[in-house]
Amino acid sequence: MKNGLFLVLFLLAGLMLFNGCAEEAQTADDHYDQDHSHDEEITAFEIIYRRAEEVTAYVHGDHWHGSLPEVPAGENISLGAYIEEDDEEMLLDGDHHALEVALADGAEEGIVSFDSHGDHVYIIGEQEGETKVVFQFIHDGDIEYVTPPIKVVVVAGS
Numbered sequence: 025m026k027n028g029l030f031l032v033l034f035l036l037a038g039l040m041l042f043n044g045c046a047e048e049a050q051t052a053d054d055h056y057d058q059d060h061s062h063d064e065e066i067t068a069f070e071i072i073y074r075r076a077e078e079v080t081a082y083v084h085g086d087h088w089h090g091s092l093p094e095v096p097a098g099e100n101i102s103l104g105a106y107i108e109e110d111d112e113e114m115l116l117d118g119d120h121h122a123l124e125v126a127l128a129d130g131a132e133e134g135i136v137s138f139d140s141h142g143d144h145v146y147i148i149g150e151q152e153g154e155t156k157v158v159f160q161f162i163h164d165g166d167i168e169y170v171t172p173p174i175k176v177v178v179v180a181g182s
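Residue numbers (the numbering used here): 25 to 182.
Shown next, in the form of C-alpha cells:
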C-alpha cells in the first residue's frame, strides 16, 4: 500500500512539473504571436523558396532554423509558406487565409520592399544591406500569427 501511494505521489509531482514547463514554453511563444488566438496553435510554419520549390527556413519555438535566400539588388525572391494550425494544413487562398511579410520592429528600412499576393510574397531588394522581416499568417483579414524576426540580405545585383 505504501508503494502504491508513493507511486501516485511521484506521478502527480511529475505531472505538475511537466505542466509548469509547458506553461513556461507557452509564455515564450506568446512573445512573438501576441495576436494569435490562444484557442488555436500554429504547429508548423515553413517558408518555401518558390524558385527551388524547397523549404528554406522554418520556425522552431521562438527562433528560425535555416535562412532566407539572398536577394539581388533590383530583383526579388518569391516565397510561399506551409502553415499548420492545430496540426491541420492551412491553405493560403488569399481570401480567408493569407501570407504577408513586414519589416520587424526596429529593422533597417530601405533595404527591401514587399509585394503580397495572398498565397505568396515577393521580397524585393532595394539596396545592398541587411534587415529583418517577420511573416504574418492572416485569417479573415486579421493577423493571427507573427513569426520571430528573420534576417534578409540584399547583395549586389547581377
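A virtual CB, placed ideally from N, CA and C, is assigned to each residue, including glycine.
Burial state of residue i, where buried means 16 or more other Cβ atoms lie within 10 Å
i: A52; result: Caution applies to A52, whose pLDDT of 41 falls short of 50 and renders its modelled position unreliable; the value that the coordinates give is listed next. That one is exposed.
i: V95; result: buried
i: Q151; result: exposed
i: E168; result: buried
i: L116; result: buried
i: V178; result: buried
i: T8; result: The first residue shown for the chain is 25 and the last is 182, placing residue 8 beyond what the model contains.
i: T67; result: exposed
The beta strand (DSSP E) enclosing residue i, as first and last residue numbers
i: Q160; result: 153 to 163
i: S183; result: No statement about residue 183 is possible, as the shown extent of the chain runs from 25 to 182 and does not include it.
i: H121; result: 121 to 127
i: I167; result: 166 to 170
Three-way DSSP call (helix, strand, coil) for residue i in this model
i: H62; result: The predicted position of H62 is uncertain, since its pLDDT is 45 and thus under 50; no value can be drawn from it.
i: G142; result: strand
i: H84; result: strand
i: S182; result: coil
i: A76; result: coil
i: I135; result: coil
i: A130; result: Reading off the sequence shown, one finds Gly at residue 130, where the question assumed Ala. Reduced to three states, the DSSP call for G130 is coil.
i: E112; result: strand
Rounded Cβ spacing between residue i and residue j (contact assumed at less than 8 Å)
i: A81; j: G90; result: 4 Å
i: V157; j: V176; result: 5 Å
i: D110; j: E78; result: 25 Å between Cβ atoms; not a contact.
i: E154; j: E132; result: 7 Å
The ligand ZN heavy atom lying under 7 Å from the CB of residue i
i: H141; result: With respect to small molecules bound, the structure shown includes none, and the ligand ZN cannot be examined in it.
State whether the region 96 to 105 contacts the region 144 to 164, with contact taken as three or more CB pairs (one from each stretch) at a distance under 8 Å. yes
Pairing CB atoms from the region 135 to 142 with CB atoms from the region 115 to 123, are three or more of them under 8 Å? yes
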